[in-house]
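A short write-up of the structure that comes next.
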Ligand code: ZN
């Protein structure tokens, strides 16, 4: 059985949300679905709709945050791919059984109240990979 069958979003690291929106909202005419500051992840995040999928813009709240360090090292650009799953606990178990190293062995609450977990990039060809179980009622 395949582990993933849908991309939820592609995460993009940006220096600052409002100037990034000049491209993504004003240039590409994508609708902003959600905007939120997630203090414990040290980011301000925006989700834009692309059909059933999203682009997630991530701006750091400071230089010592994970996204702040990413920007210092690699500059702005693609940050991660997120796959949507109906049962994140079952997916984490499947991935662990397949021998993939997990950053989050149990899900945590992410943007918009979704449950999220990240895989270790060293196990995924350095493509930071997130899995997302959307919050109830967000059904997409
Ligand atoms: Zn994400």
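Numbering (the numbering used here), first residue to last: -7 to 132.
No residue lacks a Cβ here, since even glycine has one placed at the ideal position from N, Cα and C.
Delimiting residues of the beta strand (DSSP E) encompassing residue i
{"i": "residue 124", "result": "121 to 125"}
{"i": "residue 109", "result": "107 to 111"}
Residue i: first and last residue of the uninterrupted alpha helix (DSSP H) it sits in
{"i": "residue 88", "result": "80 to 89"}
Contacts around residue i, its chain only, beta-carbon distance under 7 Å, and the 5 residues preceding and following it disregarded
{"i": "residue 7", "result": "51, 63 and 68"}
{"i": "residue 83", "result": "-5, 77 and 123"}
{"i": "residue 92", "result": "111 and 115"}
{"i": "residue 70", "result": "2 and 4"}
{"i": "residue 113", "result": "119 and 120"}
CB of residue i within 7 Å of CB of residue j, strictly
{"i": "residue 25", "j": "residue 39", "result": "yes"}
{"i": "residue 41", "j": "residue 23", "result": "yes"}
{"i": "residue 74", "j": "residue 1", "result": "yes"}
{"i": "residue 85", "j": "residue 107", "result": "no"}
{"i": "residue 28", "j": "residue 103", "result": "yes"}
Proximal residues to residue i (C-beta, below 6 Å), its chain only, five neighbours per side dropped
{"i": "residue 72", "result": "3, 120 and 122"}
C-alpha distance - residue i paired with residue j, whole-angstrom precision
{"i": "residue -2", "j": "residue 37", "result": "21 Å"}
{"i": "residue 80", "j": "residue 97", "result": "11 Å"}
{"i": "residue 132", "j": "residue 20", "result": "Because the pLDDT of residue 132 is 48, which lies under 50, any placement of that residue in the model is unreliable, and the number read from its coordinates should be weighed accordingly. If you take the alpha carbons of residue 132 and residue 20, they lie about 21 Å apart."}
{"i": "residue 53", "j": "residue 117", "result": "27 Å"}
{"i": "residue 109", "j": "residue 11", "result": "28 Å"}
{"i": "residue 59", "j": "residue 34", "result": "8 Å"}
{"i": "residue 47", "j": "residue 17", "result": "11 Å"}
{"i": "residue 127", "j": "residue 101", "result": "9 Å"}
{"i": "residue 61", "j": "residue 95", "result": "17 Å"}
(request) Can you check the stretch 6 to 72 for any beta strand (DSSP E) of at least 3 residues that lies completely inside it and give the ranges in chain order? (result) You should have 24 to 30, 35 to 42 and 45 to 52.
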